[in-house]
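Number of protein chains: 2
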Amino acid sequence: MDNKKLYVVGIGPGDRSYLTARASEALEGAEVIAGYTVYTELIKKYYPDKEYIVTPMTKERERCVLALEAADGGRITAMVCSGDAGVYGMAGLILELACDYPKVDVEIVPGVTAALSGAALLGAPIGHDFAVISLSDILTPWEKIEKRLRMAAQGDFCIVLYNPSSRRRSGYLKRACDILLEYMSGATVCGYVRSIGREGEESRVLSLSELAETEADMFTTVFIGSMSTALMNDKMVTKRI
Amino acid sequence: MDNKKLYVVGIGPGDRSYLTARASEALEGAEVIAGYTVYTELIKKYYPDKEYIVTPMTKERERCVLALEAADGGRITAMVCSGDAGVYGMAGLILELACDYPKVDVEIVPGVTAALSGAALLGAPIGHDFAVISLSDILTPWEKIEKRLRMAAQGDFCIVLYNPSSRRRSGYLKRACDILLEYMSGATVCGYVRSIGREGEESRVLSLSELAETEADMFTTVFIGSMSTALMNDKMVTKRI
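Quick mapping for you: the protein sequence lines, in order, are chains Y and V.
Going left to right, the first sequence walks through residues 1 to 241 as the numbering used here numbers them.
Going left to right, the second sequence walks through residues 1001 to 1241 as the numbering used here numbers them.
What follows is the structure, encoded as structure tokens:
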């Protein structure tokens, strides 16, 4: 076994209760923990005695290289990602860059992504087929995002929106809802969750028309029901039809 | 606080290392554990001293009613689901039936669904927007499944297929691939994972044309890449484009 080890760890929404046993084990065994500031802050209180490599959100490539360098230098390293390691996480970039570090053994440790942790708070909105779409157009052209929204609506998928908004993209959730409203009823059962498992956690069930008039932020995950989604005791439930 | 408690717990693919801390806590605290035979068998070795309510796969409604009755009778109960509690799991049916048991407090405990645990073994296939589709037509008309496959292909989503095959539906994976091949290149990077985290775990990366000629079973999860999916060091990686 190679002992140059890099774990890419999905830590779930933040609270320790969402960590898997394997994720805890990887973090406990790591000498170095790398990540974006917000996520390392969530982890630091549980694992204070580690060396931390922290970079801001835009410096993803640099962060991955630093983590690979640390692992290649012989220190057991863990790169933390919020939610799952692979869903809009660092796993792909690490695997791409790892081609230059053939001695580093990369292990992806999956975690509870916001589509799952958010769904559990709202009820069972993704009990049947669903599509996950990020509204961030930093790397993806808006035309591609719009096409996916149209296809997901026509396929009657439940839709989970990641990164529905940010300061720079304040009108994006409304734009997305307006596209969906071309195909779907304004009464479609929707929901959103904010700051899952963290201070200020908030969830709300509402109609698609109401959602179009709602302000979201980058810690919000949005759920749009399919034709089989109904409200039951104030919970959002998609039947397996 | 009401003490009539029913947890619906996603246990991940089966091995204890995938359990979240909250899921372990719920199972440890439960007096009664309900579930489908295959999943309760996975759990029993860790929690042997519980009362088990076990029903076969087709008896889902009965299983949920028995779990709700146990909870309503004052025994702390956990309904276990493989993967996540909500993704093709029992959360929806429990919430629906729970309307008749107003004193039972239902808590959904999310878990690592096969889209995430399988992705981690293959690399990072769902690093960007993706769609999850079940090929089981027990409850869903095939026309609806086919429509979703067509929409997901046209939207250039990464696609995760659950229940790709069974004894009764032996040709379904090929049928699905043939539909996707109307829109996608035969060289599209695909992968599958079988018996994740269990004895006989197996994963393979292959092309869409090869996938169309592959036999799957009900413990297989299939991943179909988007136009941004590539092979890197034999790993399936979808770039965030």
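Every residue gets a Cβ at the ideal spot worked out from N, C-alpha and C, and that includes glycine.
*Run down chain V in chain order and give the residues with a C-beta less than 8 Å from the C-beta of N233/Y.*
Near N233/Y (Cβ distances below 8 Å), the residues of chain V are L1095, A1098 and C1099.
*Under a Cβ-count criterion, where at least 16 other Cβ atoms within 10 Å of its own Cβ denotes burial, should C190/Y be classed as buried or exposed?*
Here C190/Y is buried: its Cβ has 16 or more other Cβ atoms, across all protein chains shown, within 10 Å.
*For the candidate residues A1021/V, D1015/V, T1229/V and G1035/V, whose alpha-carbon lies nearest to that of I1126/V?*
T1229/V
*Leaving out five residues on either side along the sequence, give the residues of the same chain with a beta carbon under 7 Å from the beta carbon of M1/Y.*
The predicted model places M1/Y with a pLDDT of 49, which falls under 50 and marks its position as unreliable, so this point remains unresolved.
*How far does the beta strand (DSSP E) with E1051/V in it reach, from first residue to last?*
E1051 to T1055
*Near-chain V residues of the region 9-27 of chain Y - C-beta to any C-beta below 8 Å*: G10, G12, R16, S17, Y18, L19, T20, A21, R22, S24 and E25
*asked:* Alpha carbons only, please: which of D49/Y, S170/Y, Y88/Y and G14/Y is nearest the one belonging to V132/Y?
replied: Y88/Y
*asked:* Per DSSP, what are the beta-bridge partners of K1235/V in this structure?
replied: M1232/V
*Skipping 5 residues on each side, what residues in its chain have a beta carbon closer than 7 Å to that of A1216/V?*
Taking C-beta separations shorter than 7 Å and ignoring five residues to either side along the sequence, the partners of A1216/V in its chain run P1164, S1165, L1173, Y1192 and V1222, following chain order.
*From A176/Y to S209/Y, what distance separates their C-alpha atoms?*
12 Å
*Does at least one heavy atom of the ligand FAD sit under 6 Å from the Cβ of Y36/Y?*
Absence of the ligand FAD from the depicted structure is noted, as is the absence of any ligand whatsoever, leaving it without description.
*Under 8 Å Cβ-Cβ, which residues of chain Y neighbour M1151/V?*
M151, A152, Q154, G155 and F157
*Have a look at A1067/V and V1109/V and give me their C-alpha separation to the nearest angstrom.*
One C-alpha to the other measures close to 15 Å.
_Which of the three DSSP states is assigned to K1045/V in this structure?_
coil
_Span separating the alpha-carbon of I138/Y from that of Y183/Y_ = 26 Å
*What are the residues that DSSP puts in a beta bridge with T220/Y?*
R194/Y
*Nearest CA to the CA of L149/Y: which residue from R1148/V, M1057/V and G1155/V?*
G1155/V
*asked:* Between which residues of its own chain and A30/Y is the CB-CB distance below 7 Å, once the five residues before and five after are set aside?
replied: Y7, K50, I76, T77 and A78
*asked:* What does the Cβ neighbour count give for P1013/V, buried or exposed, with the cut at 16 atoms within 10 Å?
replied: So P1013/V ends up on the buried side.
*Three-state secondary structure assigned by DSSP to A124/Y*: strand
*asked:* Cβ closer than 8 Å: which chain Y residues qualify as neighbours of A1131/V?
replied: D129, F130, A131, V132, A152, G155 and F157
_Tell me which residues share the same chain as Y47/Y and place their Cβ nearer than 6 Å to its Cβ, disregarding the 5 neighbours each side in the sequence._
L27
*So, is the C-beta of L1116/V closer than 7 Å to a C-beta in chain Y?*
yes
*In the DSSP assignment, find the beta strand (DSSP E) that holds M1079/V and state where it starts and stops.*
T1077 to C1081
*Alpha carbon to alpha carbon, what distance is there between G1123/V and L985/V?*
Absent from the model: residue 985/V. The displayed extent of chain V is 1001 to 1241, so no value can be given.
*Determine whether the Cβ of I196/Y lies closer than 7 Å to any Cβ atom of chain V.*
no
_Please state the DSSP three-state secondary structure of A34/Y._
strand
*What residue from R1194/V, E1143/V and L1206/V has the CA that sits closest to I1179/V's CA?*
E1143/V
*Could you name the residues of chain C that A1067/V contacts, counting a contact when the two beta carbons are closer than 9 Å?*
Absent from the structure: chain C. Protein chains present are Y and V.
_Using DSSP's beta-bridge definition, name the partner residues of D105/Y._
K5/Y
*asked:* For I1133/V, list the residues DSSP reports as bridge partners.
replied: L1161/V
*Cβ shell of K1004/V (< 7 Å), same chain only, five flanking positions each side left out*: A1071, D1072, G1074, K1103, V1104 and D1105
*So what does DSSP say about L1181/V, is it helix, strand or coil?*
coil
*Measure the C-alpha to C-alpha separation of A1116/V and E213/Y and round it to an integer number of angstroms.*
Per the sequence shown, the amino acid found at residue 1116/V is Leu instead of Ala. Those two C-alpha atoms are separated by around 32 Å.
*Residues of its chain near V237/Y, where Cβ-Cβ distance is below 8 Å and the 5 sequence neighbours each way are ignored*: G123, A124, P125, G127, T229, A230 and L231
*asked:* Considering only DSSP beta bridges, list what L206/Y is partnered with.
replied: For L206/Y, which the question treats as bridged, DSSP gives the partners C190/Y.
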